[in-house]
Structures are given as structure tokens and as C-alpha cells.
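Q: Pasting a structure below so you can have a look.
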Amino acid sequence: PARANPNVAVCLAGHARTFASAAVQDGLLRHLYRGAFGANFTTFLYLKLHDQSTKGATFEENQRTGIHSTHQNASHVAEWGRRLPNLAAMEVLTHHVRFTNPDRCGGGEFVRDNSTGDAWRTEETFQMLIGQIYNEYWCGEAISNYTASTGTAFDLVIKSRPDVTFTSPMPRWCAYDLEKACSARDWLFLLPGSVAVAALKRAWREFQECKTIVNQNRTRVAEIFVRASGMGKELKPRMGEPDASCRPKRK
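Using the numbering used here, the letters of the sequence shown correspond one by one to residues 50 to 300.
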């Protein structure tokens, strides 16, 4: 007999960027929500409209190459968000979010980027890192609150950047080992429902509790998040594409 489709929370959190584009929306609907993956989806959205990328090593370098800053129309982005299936929570931020080390930490640093020795770049690396860690925390909080208010438990949580384009169908859910967390760099996470909320919240809580991660050269958010959540498995199906009854298709 066919196995029941799982309850899956999809949380898209971070800079909106191309979220409201036809390519991203079509990819989400065609290749995830309405595709072969097959699940009972609930959607959570945390979208930042102010995006200032700082890829240069120093402020002067960014001035020369041009700091990319975008401001998007909030109602337009929210309209696209409401098109996604079973939207449970959505927060659209129109202002630029900045973070500071908690005062109680006595000035201790959570992360330091020593790749350039440039104070401006060190601060921007901090803002990028903590901002992304908070994105994960927001997802954890939103999912936890939804479960508490509705009694709905999730078998799987998919956390993705809002601007990821799904260019091909996700294999059916049973192609993955739902008991193991896996990731595609820091773009997309598949987390077992039993540990997802704790994993999503952990790195932010470590920051709030003044636990330090220092001297990270060219730190990647994924590395810190992986350590905090216990992940490490590459996002890859464990078997060939299954059929609708979750049996491997015959060759």
C-alpha cells in the first residue's frame, strides 16, 4: 500500500532578492509544491526587502565596484508570498536589520573575520553571519508557534533561501532518509521534524548565550550552522526515483 504523504514545513527566510520573479515562483510551485515530492505543505516566510551586498574585502573596494543595494515593493513581494500553498506565517521587513553583540557578553565576540584585517569588513562579516543565523531562528520559532497553536506536527522541515530557483523536480519525499538532516551548502536544508526546531534555533541561542566562535577566516555560515545543528550529510536521495507508492521504479 502507498505510504501516507508527510507533513512538511517549508520556511523561506532571508533576503527576498528574486523571490517575486516568475522563475523562482514557477520553480517553487512546479518543482516542489505541485511536483513529484508529494507532501502536505505548510509555508512560512521571512523576507528582508533591504539588501546590501558587501562582497569586497574593504569599504573602499566596495565603493569602487559599487555596493549593490535594493529596495523592493513590500506589497508586491507579499502578494507573491500569499500565492504559496497553506501560508501560515509571513513577515516582510522593509528596513535594514543590524545586530549587536549582547551587552551582557562584556564585549566578547561571537565571530571575527581575520581574512583582511579590515575593521569594516569584520563588522560586515558579523552582520552577514548573525543575520543568516537569525533567519534560521525565525523559522524555528514560527514552526514551533504553529505546532503549539494547531497541534500539527511536521515530519520534515525544508528551510531554503527565498531566492533559490528550483530548476528541476525534487524527487519524491521517500527518496530521502527523513531521519537524517542534510543540506546543500547554506542554501537548502532538509531537517527531520523531530529535531528541526531545536536545530534551527541553536546557533542564535549560542550567540545570545555569549558562546564564542572566533578567528574564523572567511567564515561560511553553513559551517557554523552545521556544527550547531549536527548536520553534515550532503543533500542527495538515498535511492533512485521512487514511484507514487514509494517503491523504486523498475529500470
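Backbone N, C-alpha and C define an ideal beta-carbon position, used for all residues, glycine too.
#1: Work out the CA separation of Gly189 and Ala247 for me, nearest whole Å.
#2: For the beta strand (DSSP E) that contains Val206, what are its first and last residues?
#3: In this structure, how does DSSP classify Gly130 when only helix, strand and coil are distinguished?
#4: Which two residues bound the contiguous alpha helix (DSSP H) that contains Val246?
#5: Is the beta carbon of Val244 less than 8 Å from the beta carbon of Cys60?
#6: Here's the rule I'm using: 16 or more other beta-carbon atoms within 10 Å means buried, otherwise exposed. How should Ala62 be labelled?
#7: When you compare only the Cα positions, how much space is there between Thr196 and Ala224?
#8: Applying the 10 Å Cβ sphere with the 16-neighbour rule, what's the burial state of Ser217?
#9: Considering only the beta carbon of each residue, do Asn54 and Asn89 sit closer than 8 Å?
#10: Where do the N-terminal and C-terminal ends of the alpha helix (DSSP H) with Ala72 fall, by residue?
#11: Report yes if the C-beta distance between Ile182 and Trp129 is below 8 Å; otherwise report no.
#12: Should Thr143 be labelled buried (16 or more other beta-carbon atoms within 10 Å of its own) or exposed?
#13: Could you compute how far the alpha carbon of Leu240 sits from the alpha carbon of His125?
#14: Would you report the Cα separation of Arg296 and Gln176, rounded to the nearest angstrom?
#15: Classify Ile273 as buried or exposed, calling it buried when 16 or more other Cβ atoms lie within 10 Å of its own Cβ.
#16: For Tyr183, which of helix, strand or coil comes out of DSSP?
#17: Give the straight-line distance between the Cα atoms of Lys208 and Leu94, rounded to the nearest whole angstrom.
#18: Please classify Ser217: does DSSP put it in a helix, a strand, or coil?
#19: Take Tyr82 as the anchor and find which of His64, Trp222 and Thr174 has the nearest alpha-carbon.
#20: Between the alpha carbons of Ser198 and Arg251, how many angstroms are there, rounded?
#21: At which residues does the beta strand (DSSP E) containing Cys295 begin and terminate?
#22: Tell me the DSSP bridge mates of His64?
A: In brief:
#1: 7 Å
#2: It spans Leu205 to Ser209 - the beta strand (DSSP E) in which Val206 sits, taken as one unbroken run.
#3: helix
#4: That run of the alpha helix (DSSP H) goes Gly242 to Gln257.
#5: no
#6: buried
#7: 26 Å
#8: exposed
#9: yes
#10: Ala71 to Leu77
#11: no
#12: exposed
#13: 30 Å
#14: 46 Å
#15: With a pLDDT of 49 at Ile273, under the threshold of 50, the modelled position of that residue is not reliable, and no figure is offered here.
#16: Tyr183: helix per DSSP, three-state reduction.
#17: 10 Å
#18: coil
#19: Looking only at His64, Trp222 and Thr174, the smallest Cα-Cα distance to Tyr82 is reached by Trp222.
#20: 22 Å
#21: Cys295 -> no beta strand (DSSP E), and no H or E assigned at all.
#22: Lys97
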